[in-house]
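Residue numbers (the numbering used here): 92 to 865.
Yeah, the Cβ is synthetic: ideal placement off N, Cα and C, and Gly gets one too.
All values reported here derive from a predicted model rather than from experimental measurement.
Shown next, in the form of structure tokens:
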């Protein structure tokens, strides 16, 4: 009845539902068997121990079914049997039938041993059909992963938990994409916050989460979702100051002298090159002297450039100086060469005209780059055309990438150059936009740019490559050049040597990678959407604040708490205050429990178990006294009041889950599982401990049968009826889902379930007061 009109909730994982339902019914049958049949009147050690061991077995079996591990193991065993059959029958032509419907004709066999083909001196039937057998084996593996709903063979290499985490990341990415389509003008940070909130709403939540939500609501507390919003706001507020502190200026009072820029490229026929020296920061009112001198590299002075040395003088408030070096032009074809210009011997002139070395005056410093590199491009060759590297990486969110094509070893003439893209693991149209064209280098031009467009797919992991290839360069003759120009053999040789050519790096591999910002946003959002973190606490102060507070004014209760009484998003009501004061003692008491942040939550767990154990003993005695006061037997008090009280949080938790989950698994399946766990853990653990205790004292652990047989019979009958009704509700005619659907079917099924509970109470009361003899 809690589902909004027109909506339905279906159980998504029916296998898990049937497993937990079977365990739930078996749990009560097992109790009846060990109490009334196997060892009537007492519990033996093995019975108590086995009852407790059923608890991990229940959880493990549900996990196996939920993650399809069993199905994967079964199919892998089938696959290995098929391969083994191929191994064992290479000499006998037996047809092999595959699970997915493929088959091998007679003679289509493969002789395999440890994954390799047996060597033979002459070709055999096995060699002839080796390729076919390989494709068959791959098809077997493909069928396996198809049945598992996987697109790759990742289950061989990764764990189930990795796949679940990958699915959660992909779900967040899909949410982020949808939000970006709905809000195209919203900034990235806001989209991340919106996606984190939506992810928290969609992420599977445990029964504990809904119990906590329901308990908070019954106690007039706030909403767990608010904690996520606070975390998002805090992260946004902290982000700016942290960025501001990244690059502190530690020496603002010191004047700095350096080259700007530090690399220069000049053509051999340029005549000279001008280098720039800057003085920045600090005190600019003094006079500074700094020496400079050229040094040979692969270029030598006298042959490639004229040496230069001298002293630069920065007068007060002067911040810029230039150094000019003459370049020598020749007619000899040669490789590109370089030389350097170095600053040194810094001196400061004081008011009395004395020069103080920079080592003794810390007000001015020579900082890097204090050496400039000058590259001389030979202009007697049409050029070698290359990329600046063999591989380049682009982030998919950058969308566009400018790729430099360099012209080295000369820049004479007008050259046309073609280029084209080629697929590798990246595919045209899916990962990038194909680009084929040409670029033209004018005379003395040594750099051009190609722009490549990448398709942003918002991938968490991405590592795809494609190539850009340069075509053969073509020298374009000037219009006034004569085609019939007669050249000597030496001139022809020089002309041939000077033709444009492709260098070694004429193919560039571009690697597309995922956006780190997007990946971090996914990880951050998934972490913050973790319900275990949201329901946890980090300090005692936080716990006491929660204990003393009623629902906050800004608590978006309607989104997550399940409140449907018209107070969504409003301040605390009278009902909230009443529930708060009624439950205040318990909220205050449990605020003393250590926060979950200590020792990974184990301290909180142990202390909570101890307090719950003490409260259980007290409540048990109070319930007995209450039943005695009003004239009820212990059995009727237990099933009518104690069971109702302990199930009330479960009821509200299921209501919250039914309203806000997309499926009915949390609201129905978790309840079934909890019934089995309550028996196997809640009863199995104390019974096992008591049985062992009495065993070591040579005593028997006595447990009276009472009306257990009658109660188990009624419970199992009514449980079967409830399961049948849920299965009928899945039919399209009756609504198409276990929960929700047309009002008449909701009302009828709700009335039946409520009647089953009333009937159980009446039948149990009649039997307990001996009006029914069984």
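For residue 721 and residue 712, the gap between their C-alpha atoms comes out near 15 Å.
In this structure, residue 418 places its C-beta atom within 8 Å of the C-beta atom of residue 357. Only buried fits residue 695, as 16 or more other CB atoms lie within 10 angstroms of its CB.
Membership of residue 448 in the beta strand (DSSP E) is indicated by the continuous run 446 to 448. Only residues of its own chain outside the window of five on either side were considered, and among them 634, 635 and 638 have a CB closer than 6 Å to the CB of residue 682, listed in chain order.
Given a length threshold of 3 residues, each whole run of the beta strand (DSSP E) inside the stretch 508 to 565 is given here in chain order: 527 to 532, 538 to 544 and 554 to 561. With 16 or more other Cβ atoms from the protein chains shown falling within 10 Å of its own Cβ, residue 832 counts as buried.
Ranking 524, 496 and 726 by CA distance to the CA of residue 541 puts 496 first.
Within the same chain, and ignoring the five residues on either side of residue 504 in sequence, the residues whose Cβ sits closer than 7 Å to its Cβ are 473, 534 and 566. Distance check between residue 597 and each of 142, 508 and 487 places 508 closest, using alpha-carbon atoms only. Pairing residue 455 with residue 431, the inter-Cα distance amounts to about 23 Å. A Cβ-Cβ distance of about 13 Å is found for the pair residue 553 and residue 608, leaving them out of contact under the 8 Å criterion. Contact between the stretch 133 to 141 and the stretch 803 to 820 is not established, with fewer than three Cβ pairs separated by less than 8 Å. CA-to-CA, the gap between residue 714 and residue 852 works out to about 17 Å. Only buried fits residue 405, as 16 or more other CB atoms lie within 10 angstroms of its CB. Under a 10 Å Cβ-count criterion, residue 677 is classified as exposed, with fewer than 16 other Cβ atoms of the shown protein chains found around its own Cβ.
A direct Cα-to-Cα measurement between residue 611 and residue 602 gives close to 20 Å. Straight-line spacing of the CA atoms in residue 616 and residue 685 works out to 27 Å. Here residue 751 is buried: its Cβ has 16 or more other Cβ atoms, across all protein chains shown, within 10 Å.
Here residue 453 carries a coil assignment [DSSP, helix/strand/coil]. Of the candidates 436, 564, 613 and 402, 402 places its Cα closest to the Cα of residue 415. In the structure shown, residue 409 adopts coil according to DSSP, grouped into three states.
Sorting 436, 412, 390 and 457 by C-alpha distance to the C-alpha of residue 420 places 390 at the top. Bounds of the beta strand (DSSP E) holding residue 468 are 462 to 468. Taking the C-beta atoms as reference points, residue 378 is found nearer than 8 Å to residue 407. DSSP places residue 794 outside both helix and strand once states are collapsed to three, so it counts as coil. In this structure residue 830 touches residue 100 by the C-beta definition: roughly 4 Å separates them, less than 8 Å. Put simply, the backbone Cα of residue 157 is about 34 Å away from that of residue 849.
In the three-state reduction of the DSSP assignment, residue 789 falls in the coil class, being assigned neither a helical nor a strand state. The C-alpha of residue 801 lies about 17 Å from the C-alpha of residue 728. For residue 817, the enclosing alpha helix (DSSP H) has its first and last residue at 799 to 821. Taking 8 Å as the cut-off, the Cβ atoms of residue 355 and residue 368 do not count as close. C-alpha of residue 119 to C-alpha of residue 146: approximately 13 Å in a straight line. Along the length of the stretch 360 to 393, whole alpha helix (DSSP H) runs at least 4 residues long do not occur. Here residue 436 is exposed, its C-beta having fewer than 16 other C-beta atoms within 10 Å.
Shown here, residue 493 sits in a strand according to DSSP, grouped into three states.
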